[in-house]
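Participant:
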Amino acid sequence: MGFTADWLSLREPADLAARNADLLARAAACVPADAVVLDLGSGTGSTARAFAAMGHDALRWRFLDNDATLLAVARQTHPGAECVQGDLGAVEDLPLQGVGLVTASALLDLMPLPWVAALAGRLRAAAIPFYGALSYDGHMGWTPAHGEDAAVTARFNAHQRGNKGIGAALGPDSGAQSARVFAAEGFEVTLADSPWVIGPDQAALHAALLEGIAAAATEAGHATADVWLAARRASVAQSQAEIGHSDLLALPPS
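Okay, so the sequence shown: first residue is 1 according to full-length UniProt numbering, each after it adds one.
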């Protein structure tokens with residue numbers, strides 16, 4: 001489930017542009033003045049920076065990640081934040097003391113259904129709201145189109161449903177499935193689209209994304225993903241990609 005700091009930095013502007021502003025604002029409004037925000041799979045702190053960029057810069061943060069290298073970057077960038085290295089898979093051990101909101105970005109699609117169910121149950125018991133942003137939803141499209149786009153997407157989606165370390169990931173089903181799980185626990189759930197739109201001015205991100213998609217599709221059995229990659233890479237400066245994501249806000253029952 002690991003990511004490099006370089007990849008997280010490269011994708012951060014696209015993530016910020018894609019986030020649903022209304023859900024983020026509603027999430028920020030949930031946090032009492034004396035509470036902290038617990039960010040699961042925090043990486044270098046991009047979720048905190050997204051909240052700050054949208055005017056919510058007075059929040060106090062507790063970052064939780066299993067990657068010490070990423071947390072070291074987060075500690076330097078956000079000296080006021082509490083940084084906790086821990087096992088994201090152990091929902092029962094999440095440090096919820098003093099927490100007014102739990103967040104996660106680009107995480108739900110990596111996790112299995114039992115993990116989401118355990119999280120929803122724990123947050124319902126603690127009456128803590130949850131904001132889960134930028135979950136991949138299975139939709140990818142390019143302009144101009146290529147004949148292999150649909151086949152590559154299908155194989156990539158199959159790969160996304162594979163085991164990322166703690167069980168079969170929800171992958172492109174994560175938004176809808178997570179919404180269902182939280183609603184079953186009595187949360188008021190809102191799901192909103194938050195697609196990446198990557199244009200010619202983001203060629204570096206687009207190229208890195210194409211490499212990752214092709215590698216995953218190849219691992220999932222697509223024999224000519226390298227041909228698709230070569231064609232897409234050759235036109236990256238003249239093409240646009242839209243990669244579907246969803247944001248979720250779950251408010252606990254009162």
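Yeah, the Cβ is synthetic: ideal placement off N, Cα and C, and Gly gets one too.
Check whether the region 209-226 touches the region 69-89, taking contact to mean three or more Cβ pairs, one atom from each stretch, closer than 8 Å.
Facilitator: They do not touch, by the three-pair rule.
Participant: Could you pull the start and end residues of the beta strand (DSSP E) that Thr-190 belongs to?
Facilitator: It spans 188-193 - the beta strand (DSSP E) in which Thr-190 sits, taken as one unbroken run.
Participant: DSSP state of Leu-248, grouped into three classes?
Facilitator: In this structure, Leu-248 counts as strand in the three-state DSSP scheme.
Participant: Can you tell me whether Ser-9 is buried or exposed? The criterion is at least 16 other CB atoms within 10 Å of its CB, across all chains shown.
Facilitator: Looking at its Cβ environment, which holds fewer than 16 other Cβ atoms inside 10 Å, Ser-9 is exposed.
Participant: Measuring CA to CA, which of Ala-72, Ala-207, Gly-244 and Ser-194 is closest to Ala-231?
Facilitator: Ranking Ala-72, Ala-207, Gly-244 and Ser-194 by Cα distance to Ala-231 puts Ala-207 first.
Participant: If Ile-128 sits next to Leu-108, beta carbons under 8 Å apart, how far is it from one beta carbon to the other, in whole angstroms?
Facilitator: At roughly 16 Å, the Cβ-Cβ gap does not stay under 8 Å, so Ile-128 and Leu-108 are not in contact.
Participant: Alpha carbon to alpha carbon, how far is Ala-217 from Ala-204? Give it in angstroms, no decimals.
Facilitator: Taking the straight line joining both Cα atoms gives about 20 Å.
Participant: Roughly how many whole angstroms lie between the Cα atoms of Leu-134 and Glu-12?
Facilitator: Those two C-alpha atoms are separated by around 11 Å.
Participant: Just to confirm, are Val-37 and Trp-7 a CB contact at a threshold of 8 Å?
Facilitator: The answer is no: Cβ separation not under 8 Å.
Participant: Counting only the same chain and skipping the five closest in sequence on each side, list residues whose C-beta sits under 6 Å from that of Ala-158.
Facilitator: Closer than 6 Å at Cβ, skipping near neighbours: Ala-220.
Participant: Return the chain-ordered list of same chain residues with a C-beta closer than 6 Å to the C-beta of Pro-253, the five sequence neighbours on each side being excluded.
Facilitator: Gly-186.
Participant: For Ser-178, which of Pro-79, Thr-77, Phe-130 and Gln-76 has the nearest alpha-carbon?
Facilitator: The shortest Cα separation from Ser-178 among Pro-79, Thr-77, Phe-130 and Gln-76 belongs to Phe-130.
Participant: Where do the N-terminal and C-terminal ends of the alpha helix (DSSP H) with Asp-22 fall, by residue?
Facilitator: Looking at the DSSP string, the run of the alpha helix (DSSP H) that includes Asp-22 is 21-29.
Participant: What residue does the alpha helix (DSSP H) around Gln-177 start on, and which one ends it?
Facilitator: From DSSP, the alpha helix (DSSP H) with Gln-177 extends over 174-184.
Participant: Do Ala-14 and Gln-160 have their C-beta atoms closer together than 8 Å?
Facilitator: In this structure, Gln-160 does not lie closer than 8 Å to Ala-14 by Cβ.
Participant: If you pair each beta-carbon of the region 108-122 with each one of the region 143-158, do three or more pairs fall below 8 Å?
Facilitator: Touching, no, given that fewer than three Cβ pairs across the two stretches are closer than 8 Å.
Participant: Rounded to a whole number of angstroms, what is the C-alpha to C-alpha distance between Ala-151 and Asp-247?
Facilitator: Each residue's alpha carbon lies about 26 Å from the other.
Participant: Could you tell me the distance, in whole angstroms, from the CA atom of Ala-120 to the CA atom of Val-181?
Facilitator: Between Ala-120 and Val-181, the C-alpha separation is close to 7 Å.
Participant: Could you tell me whether any Cβ in chain D is nearer than 8 Å to the Cβ of Pro-144?
Facilitator: No chain D is present in this structure, which holds just one protein chain.
Participant: Which residue or residues does DSSP assign as beta-bridge partners of Asn-163?
Facilitator: According to DSSP, Asn-163 bridges with Ala-168.
Participant: Just checking, does the region 14-24 make contact with the region 186-198 on the three C-beta pairs under 8 Å criterion?
Facilitator: Segments in contact, yes.
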